[in-house]
Structure formats: C-alpha cells, structure tokens
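Engineer: Just dropping this structure here.
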Amino acid sequence: MEYIPQGRMTTHGAIAKCMGVASGAHMVGYALNQLVHEHEDQPLPTHSVVNRLGQLTARG
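Be aware that the sequence shown starts at 1, since it is given in the UniProt record's numbering, and climbs by one per residue.
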C-alpha cells in the first residue's frame, strides 16, 4: 500500500496481479482485512484499495 501514490486508488485484483497471482483478489482482500484487525493501533491506508466495484470493503 505504500507504493500507491497519494490521492490514487487501486483494486484488490491489481495488487494480486502485481504479486503474480492473477486470480488472487479475494486473498488480497482477506489479507487487508486481517491487517486492519491485527494492527488496530496503527492506521493503515486501506482506503486506497477498493474492490472491483470501487467499494471499500475492509472493516476497521
């Protein structure tokens, strides 16, 4: 997420594709959701990552 330029967004699928896992969008979404819950004391810029419909899905 640190590589997403300020003011820009990307999708779970685009991150998965960059990782070489073209069909891993759900895996990325799950991982981000886990990070939010495990690091509640540290703000994570998960608002920069949306699903394929442009919706925020991580719950903090």
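Beta carbons: idealized from backbone N, C-alpha and C, even for Gly. Please read these numbers as outputs of a predicted model, since none were measured by experiment.
For alanine 22, count neighbouring C-beta atoms within 10 Å of its own C-beta (all shown protein chains included) and say buried if the count is 16 or more, exposed if not.
Structural biologist: Under this definition alanine 22 is an exposed residue.
Engineer: Express the C-alpha separation of threonine 11 and asparagine 51 in angstroms, rounding to a whole number.
Structural biologist: Looking at the two C-alpha atoms, the distance is approximately 5 Å.
Engineer: Could you check if glycine 29 is buried or exposed, using at least 16 other CB atoms within 10 Å of its CB as the buried criterion?
Structural biologist: Classification of glycine 29: buried, given that the 10 Å Cβ count is 16 or more.
Engineer: Quick check on valine 36: does DSSP put it in helix, strand or coil?
Structural biologist: Reduced to three states, the DSSP call for valine 36 is helix.
Engineer: Could you tell me which residues DSSP puts in a beta bridge with threonine 57?
Structural biologist: DSSP lists no partner for threonine 57.
Engineer: Just confirm the distance between the C-beta atoms of methionine 9 and leucine 44, as a whole number of angstroms; I'd bet it's less than 8 Å.
Structural biologist: Contact doesn't hold; Cβ gap of about 14 Å is too wide.
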